[in-house]
């Protein structure tokens with residue numbers, strides 16, 4: 001019964017979305033306030049009904065209602081409660097329901113918090129948002145219904161993919177979707193602006209917080225996914241340039257570009273057309289990501305469903321929204337008024353360079369991701385494009401961008417002084433040279449690129465705070481004065497500093513963990529030791545241990561350094577009975593920002609020896625601390641007074657006649 | 660600088676970045692892409708030693724043999740076999756008689772030296788390339804997928 005209520009709630013949400021897609025839009029064309037206000041109620045109604053559907057599915061999972069097919073296929077009564085709940089979106093249908101839920105959350109948020117928006121813009125935005133909702137609710141109801149019953153109901157379910165039975169599933173998909181789907185708001189704003197044929201600085205001020213919020217969730221979502229893969233997949237990799245990862249990385253790159261170009265639009269009314277295009281492209285890449293992951297054209301741990309009908313459905317959604325919005329862009333973009341002038345060397349110029357490099361980098365990732373698919377479709381040849389391709393294409397572009405990052409905030413709007421900016425960065429350059437030299441000396445014949453990358457990372461980390469140092473007159477006025485100035489700085493400046501610093505930390509972590517990791521593999525018996533990175537890993541005992549729905553083969557180690565036992569570490573192979581599947585539970589020992597990664601391989605039945613892999617990963621934690629700092633920077637920016645929901649009214653009054 | 664001049668600078672910078680990126684992409688696509696082959700293709704048409712490629716097929720039952728850090732196993736498509744040598748831990752889903760993809764290159768002695776070994780992710784999933792190869796060789800079991 002409850003499953004039917006969930007199903008019915010989805011239908012009602014679809015009906016409301018259809019109303020919201022037509023009535024407010026029509027109202028906006030006729031300037032009818034009553035019709036436009038309909039959107040508020042329908043947006044909140046959609047949230048209520050989709051939440052109801054989501055709650056119904058969650059209930060089916062928690063109570064292990066095996067009369068629902070989705071629960072049978074992805075759950076088991078012995079599964080711990082937390083994984084029963086997260087298992088709701090650990091499958092194709094449930095994850096699409098989560099997609100829809102987040103979409104309507106954002107829609108309702110615009111309805112609730114967008115009180116200061118001009119009425120017509122708000123009505124248009126919510127109408128566009130409803131079109132997206134219609135597409136995905138239809139997709140759920142027609143091709144991915146999570147509430148299908150099975151009769152007779154089996155007594156037991158088939159369990160969730162063991163790789164997904166991890167706390168990562170509770171965090172990674174919701175964060176990622178908050179990012180993906182959050183960009184739909186920027187998209188809706190862009191399409192609304194094109195429909196209105198008008199766009200101004202106030203528009204950018206409304207779009208920026210939504211974009212910033214989506215971006216910070218996506219940043220955290222990608223980082224969380226990377227950390228999850230690192231500890232769960234058992235080989236300690238943090239990024240594989242897997243098409244599915246690229247699918248989330250491309251909207252992130254485009255979204256980062258959008259954040260920066262919206263800045264130019266907000267302050268200087270320049271780059272209007274470009275900002276609109278970026279908003280469309282960012283969400284298009286989110287949709288493309290959904291298509292790649294959900295259609296089964298790629299085989300990966302994320303591809304739950306291999307079903308051509310579903311793939312075709314998403315492809316149609318993709319074509320309609322991308323094609324439609326780009327066609328609208330082609331029709332209307334020419335009519336948008338050109339904005340302020342700026343010299344090539346200026347804050348605007350730096351942000352344009354940022355955009356050029358980011359979008360080009362996005363394009364190289366896109367080519368690498370789609371080329372194998374295109375080639376196979378065209379010639380039937382099977383190739384794989386892996387890390388070497390991305391290192392050779394994305395790498396140089398990213399490094400070039402990183403070199404430019406510290407300069408950006410130091411350049412004045414309209415016309416900047418590169419020499420003056422460079423003078424403010426001498427200490428960052430000094431730190432970079434020093435770090436590069438130290439790295440070169442310490443690594444002794446390691447990869448040549450690594451000290452170079454370390455230098456760039458330090459330049460970015462230290463240089464990120466150059467603007468703060470300059471504006472607070474650090475060490476040039478009394479400390480009290482500096483503090484007062486620091487408190488008076490716009491929060492966006494602090495946000496940018498932290499975000500850029502996080503970028504540098506990530507590069508440092510990636511470089512160190514890639515270039516200087518040390519790996520040892522051997523067969524070990526109890527009592528034997530393995531030397532890795534100046535430490536001695538002694539296998540003390542092995543044994544079996546039972547969990548709720550799995551059995552662990554556990555190996556315990558003592559880690560010794562210069563003869564002294566430092567700590568104990570445990571690594572295991574986890575066998576899940578229902579799916580007859582094994583996962584690796586890696587043992588991690590943290591030393592500062594570095595980690596020792598211990599994982600187990602196969603067990604030799606004859607003599608009890610087990611294959612052990614120990615890898616020393618220097619500074620590896622920085623890879624994920626960096627994005628957390630970036631997201632923190634985004635959060636601070638979001639709290640900036642100038643971005644508080646709703647722009648100052650005088651600005652709007654002044655800008656309106658400029659049509 | 661005039662508006663036109665500024666625009667030219669902008670277009671110039673964009674042009675330089677784009678052409679640099681295009682050059683990078685084209686050379687990288689030439690140098691770094693890896694072709695996929697089954698054992699029969701390799702036996703009939705041996706690639707030059709050292710050329711990177713992906714080898715896919717089923718793990719021959721009883722062929723897995725580990726010595727210290729090195730493991731050797733055979734990949735078969737039913738007609739031909741290739742011996743794979745790999746220094747590392749086999750993935751969790753690696754199993755005898757199941758699909759596998761090894762990435763690496765052919766050594767002069769005819770063994771395949773792999774630096775990556777990928778196994779299928781769960782019972783519903785087999786690397787697409789392997790499934791297609793098996794279909795070609797007529798070893799496709801409909802219950803595999």
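Residue numbers (our numbering), protein chains in the order written: chain A, 1 to 659; chain B, 660 to 804.
From the three backbone atoms N, C-alpha and C, an ideal C-beta is built for every residue, glycine too.
Keep in mind that this is a model prediction, so the values were computed, not measured.
As the crow flies, the alpha-carbon of residue 428(A) is around 12 Å from that of residue 469(A). Within the segment 732-753 of chain B, the residues whose Cβ lies closer than 9 Å to some Cβ of chain A are 746, 747, 748, 749, 750, 751, 752, 753, listed in chain order. Taking C-beta atoms under 8 Å as the contact rule, residue 708(B) and residue 765(B) qualify, at a distance of about 5 Å. In the pairwise beta carbon analysis, the segment 473-490 of chain A is classified as not touching the segment 507-524 of chain A: fewer than three pairs are separated by under 8 Å. For residue 272(A), the closest alpha carbon among the candidates 336(A), 329(A), 281(A) is that of 336(A).
Scanning 338(A), 536(A), 558(A) for the CA closest to the CA of residue 542(A) turns up 558(A). The continuous beta strand (DSSP E) containing residue 573(A) extends over residues 564-576. DSSP, reduced to helix, strand and coil, places residue 54(A) within a helical segment of the structure shown. When Cβ pairs closer than 8 Å are counted between the two stretches, the segment 358-367 of chain A is seen to touch the segment 249-260 of chain A, the count reaching three or more. At a C-beta separation below 8 Å, residue 388(A) has these neighbours in chain B: 687, 690, 691. Rounded to the nearest angstrom, the Cβ distance from residue 537(A) to residue 527(A) is 12 Å, too far for a contact under 8 Å. Contact with chain A is absent for residue 766(B), since none of that chain's Cβ atoms lies less than 8 Å from the residue's Cβ. A distance below 8 Å separates the beta carbons of residue 618(A) and residue 513(A).
Along the segment 180-211 of chain A, none of the residues has a CB nearer than 8 Å to a CB of chain B. Taking 8 Å as the CB threshold, residue 265(A) stays off the interface with chain B.
In terms of beta-carbon proximity, residue 714(B) stays away from the interface with chain A, with every pair separated by 8 Å or more. Just measuring C-alpha positions, the residue of 389(A), 472(A), 570(A) sitting nearest residue 691(B) is 389(A).
The beta carbons of residue 222(A) and residue 252(A) sit about 6 Å from each other, so the pair counts as a contact at 8 Å. The segment 230-250 of chain A makes no contact with the segment 199-216 of chain A: fewer than 3 CB pairs, one atom from each, lie closer than 8 Å. Annotated as distal: residue 147(A) and residue 283(A), with beta-carbon spacing of 8 Å or more. With its beta carbon at least 8 Å from every one in chain A, residue 778(B) lies outside the interface. Under DSSP, residue 724(B) forms a beta bridge with 731(B). According to DSSP, residue 775(B) shares a beta bridge with 762(B). About 20 Å separates the Cβ atoms of residue 6(A) and residue 43(A), ruling out a contact at the 8 Å cut-off. Judged by DSSP in its simplified three-state form, residue 189(A) adopts helix. Straight across, the Cα-Cα distance linking residue 466(A) with residue 497(A) is about 8 Å. Within 7 Å of the CB of residue 87(A), no CB atom of chain B is found; the nearest one sits about 15 Å away. Within the DSSP secondary-structure output, residue 696(B) pairs in a beta bridge with 714(B).
For residue 551(A), the pairing in a beta bridge is given by DSSP as 546(A), 575(A). Below 8 Å, too few C-beta pairs join the segment 109-117 of chain A and the segment 160-177 of chain A to call them touching: fewer than three. The Cβ of residue 34(A) sits no closer than 8 Å to any Cβ of chain B. At a cut-off of 8 Å, the C-beta of residue 385(A) has a neighbouring C-beta in chain B. Residue-level contact by beta carbon fails for residue 720(B) and chain A, as no gap is shorter than 8 Å.
Distance check between residue 127(A) and each of 450(A), 597(A), 191(A), 607(A) places 191(A) closest, using alpha-carbon atoms only. Three or more beta-carbon pairs separated by less than 8 Å are not found between the segment 723-739 of chain B and the segment 669-678 of chain B, which leaves the two stretches without contact. Across the structure, residue 448(A) and residue 742(B) are spaced so that their CA atoms are roughly 35 Å apart.
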